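Visitor: For the first sequence, the positions run 296 to 736 when our numbering is used.
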Amino acid sequence: MEISAIVEERSKYLNLLDLVGEEIELKGVVFKVRGLSGFAFILVNAYGTIIQTVYTGEIGETGVKEGCSVVIKGKVSEAKLKDAFVEPKSCEVQINEINVVSSPKELLPFDITKKKLDIGNDLKFDLRYLSMRHPKEKAIFRIQSSLVQGIRSFLIENKFVEIRSPKIVAEGAEGGANIFSMDYFGQKAYLTQSPQFYKEFCVGVFDRVFEIAPVFRAEKHNTNRHINEYTSIDFEFGQIDSFYDILNMEAAMLKHAFEHLKKDVPYELDLLQVEVPDIKTIPALKFWEVKEIIKKEYKIDPKDSFDLAPIEEIKISDYVKKKYDSEFVFITHYPTAKRPFYAMDDAEDPELTVSFDLIFRGVEITTGGQRIHDFDQLVAKMSGRGMNPADFEFFTNAHKYGLPPHGGLGLGLERLTQRLLNVDNIKSATMFPRDMTRLTP
RNA sequence: GGGGGAGUAGUUAAGUUGGUUAUAACGUCGCCCUGUCACGGCGAAGGCCGCGAGUUCGAGUCUCGUCUCUCCCGCCA
296 MEISAIVEER SKYLNLLDLV GEEIELKGVV FKVRGLSGFA FILVNAYGTI IQTVYTGEIG
356 ETGVKEGCSV VIKGKVSEAK LKDAFVEPKS CEVQINEINV VSSPKELLPF DITKKKLDIG
416 NDLKFDLRYL SMRHPKEKAI FRIQSSLVQG IRSFLIENKF VEIRSPKIVA EGAEGGANIF
476 SMDYFGQKAY LTQSPQFYKE FCVGVFDRVF EIAPVFRAEK HNTNRHINEY TSIDFEFGQI
536 DSFYDILNME AAMLKHAFEH LKKDVPYELD LLQVEVPDIK TIPALKFWEV KEIIKKEYKI
596 DPKDSFDLAP IEEIKISDYV KKKYDSEFVF ITHYPTAKRP FYAMDDAEDP ELTVSFDLIF
656 RGVEITTGGQ RIHDFDQLVA KMSGRGMNPA DFEFFTNAHK YGLPPHGGLG LGLERLTQRL
716 LNVDNIKSAT MFPRDMTRLT P
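Here it is as structure tokens:
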């Protein structure tokens, strides 16, 4: 066979619906065997879905059991199936021949064929590569993949260039104690907290850039919305007229991604009963306005006057849902005290920055804003904070030699997935989560 | 960094004021069932009750220590 022919052969993806009445060969893994008298239903994981096949004869004699890889020859026939995990439901395969090509030494320690995967988180993550075989677990990551694809295609269509910045760095973008340090051939190095500096460098090159990559936070947190390594969806673009350009870009990106999801993974969305938000406009409220609303409407006295507590994020989400019928809300003009040095101050009030968070269903999923592009302004702000600009020369040089007015954001992929799918813990929206105690698998 | 909850068959859980043989469901194994779809029916196997010490005639149960998990708060995406 010619190489090109092999490539074509391997890339063929079977669509059963088009093959009713035809003889086919099916390669897959046995998901579930339901034996009856004289015949059996064998559900087979193949072509990214679970297909029902019917074996006539004594199934015990074939050696077929759950977890076996099998090659089936049979005829596609019409059927009316009700199994939630089986797709398509309108046809099945009548087996003429079944051969076992690989068979597991032991059965799984838990049942992945039940409607609910009924195991604790510890076991779920210890044997993540097995627990993910459950159709509902699998659906989470099928959807996440599609979500990333939707976001990436939007950005590419809008002329953003995908970049790859280093994850081993000499300085953190955000400073503080929440950075992992490591020895780098005798030098002190860190795992990146954010690709911020690199995005800004590249704005000076490509004007519009994005990156979808891991970032690391050494915070010793133990909550349902924190992990120590997560995927940051970052974009940054230049020639902005105002920081509202950034909000609009994100809203358009999410709208595009959600529409992509609905087309791409309807079965998975249905299986997990996901309500995909219909984004029209996302309301934007100023930070101090939000504080006022929460105080007035919900009688909660703010503890921290420069940031929103999680309870306040939940309450403002609730307010916006009722008043504007939106599951998202932008909160803008955060106090300068709570934002990093590269954040642009508000021209009308230097106590505030032209920055924002995006809250989705009660959880902060994005932080972004306009950045300082002027060298003198940047150096002055750094000095004002007791930082030594000389330590950040590798960064400030980009500004010295000129950058356009620009801004961007970082979006937590796992948090977006968690809120979209209404999953209780962020770890459940992470394939191989890293928390304070987990380093494997 | 602070606070709560929990560790009992392969898995998920129940287990009363300490008391004789530690329950159930699912899974597994055996037998039965020709259209299941969370298939069904009958039967069986399966336990150092997280680990270590203590109190007691007697501990899954009470006490202390220890390890692990889980949730909440702070911080953040």
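Virtual Cβ for every residue (Gly too), placed ideally from N, Cα, C.
Please read these numbers as outputs of a predicted model, since none were measured by experiment.
Could you tell me which residues DSSP puts in a beta bridge with E506?
Guide: Paired residue(s): D529.
Visitor: Whose C-alpha, out of P572, L603, D573, is nearest the C-alpha of E587?
Guide: Here the closest residue by C-alpha is L603.
Visitor: Can you find the residues in the same chain that come closer than 7 angstroms, C-beta to C-beta, to P736, ignoring five residues on each side of it along the sequence?
Guide: Excluding sequence neighbours, P736 sits near R423, Y424, F727.
Visitor: Kindly indicate which residue of Q534, T648, G343 has the alpha-carbon position closest to the one of K581.
Guide: Per the Cα distances, T648.
Visitor: Grab me the residues of R680's own chain with a C-beta within less than 6 angstroms of its C-beta, minus the 5 sequence neighbours each way, in chain order.
Guide: Within the same chain, R680 has close Cβ partners F636.
Visitor: Cβ of H694 within 7 angstroms of Cβ of L673?
Guide: Yes. Within cutoff.
Visitor: Three Cβ pairs or more, each shorter than 8 angstroms: is that satisfied between the region 712-724 and the region 496-505?
Guide: No: fewer than three Cβ pairs fall under 8 angstroms.
Visitor: Specify, as a first and last residue, the run of the alpha helix (DSSP H) that T691 falls within.
Guide: Unbroken alpha helix (DSSP H) run through T691: 688-695.
Visitor: In this structure, what does DSSP give as the bridge partners for T735?
Guide: The partner list for T735 (beta bridge, DSSP) is empty, contrary to what the question assumes.
Visitor: Let me check you understand the geometry: is the CB of G657 closer than 6 angstroms to at least one non-hydrogen atom of the ligand MN?
Guide: The ligand content of the structure shown is nil, which means the ligand MN is not present either.
Visitor: By DSSP, does R369 sit in helix, in strand, or in coil?
Guide: In the sequence under discussion, the amino acid at residue 369 is Gly, which differs from the Arg named in the question. Reduced to three states, the DSSP call for G369 is strand.
Visitor: When the distance is taken between beta carbons, is V388 closer than 7 angstroms to T344?
Guide: It is not a contact, given that the beta carbons lie outside the stated cut-off.
Visitor: Counting beta carbon pairs with one atom in the region 443-450 and one in the region 546-554, are three or more of them shorter than 8 angstroms?
Guide: Yes, they touch.
Visitor: Is DSSP giving T648 helix, strand or coil here?
Guide: It is a strand residue.
Visitor: Go through its chain and collect everything with a Cβ distance to F496's Cβ below 6 angstroms, but skip five positions before and after it.
Guide: So the qualifying residues of the chain are A693.
Visitor: Starting from G664, follow the alpha helix (DSSP H) in both directions and report where the run begins and ends.
Guide: Counting along the chain, G664 falls outside any alpha helix (DSSP H), though it belongs to the beta strand (DSSP E) covering 658-666.
Visitor: In the DSSP assignment, the beta strand (DSSP E) including M477 goes from what residue to what residue?
Guide: Start and end: 476-479.
Visitor: Between the alpha carbons of I768 and P630, how many angstroms are there, rounded?
Guide: Residue 768 is absent from the structure shown; the chain starts at 296 and stops at 736.
Visitor: Who pairs with P635 in a beta bridge, going by DSSP?
Guide: None, per the DSSP bridge assignment.
Visitor: What are the boundary residues of the beta strand (DSSP E) that includes T348?
Guide: 344-351 is the span of the beta strand (DSSP E), which, as asked, contains T348.
Visitor: Using the Cα positions of T662 and K590, report the straight-line distance between them to the nearest angstrom.
Guide: Whole-angstrom Cα-Cα distance: 23 angstroms.
Visitor: Candidates P509, S332, N683, F455: which alpha carbon is nearest L706's?
Guide: Of the candidates P509, S332, N683, F455, the one whose C-alpha sits nearest the C-alpha of L706 is P509.
Visitor: With a cut-off of 8 angstroms, do at least 3 Cβ pairs link the region 528-536 to the region 406-415?
Guide: Counting Cβ pairs under 8 angstroms, fewer than three are found: no touch.
Visitor: Going by the CB atoms, is the gap between R428 and I407 shorter than 7 angstroms?
Guide: Yes, they are a contact pair.
Visitor: Would K610 and Y593 be called neighbours here (beta carbons separated by less than 7 angstroms)?
Guide: Yes, the pair counts as a contact, with Cβ atoms nearer than the cut-off.
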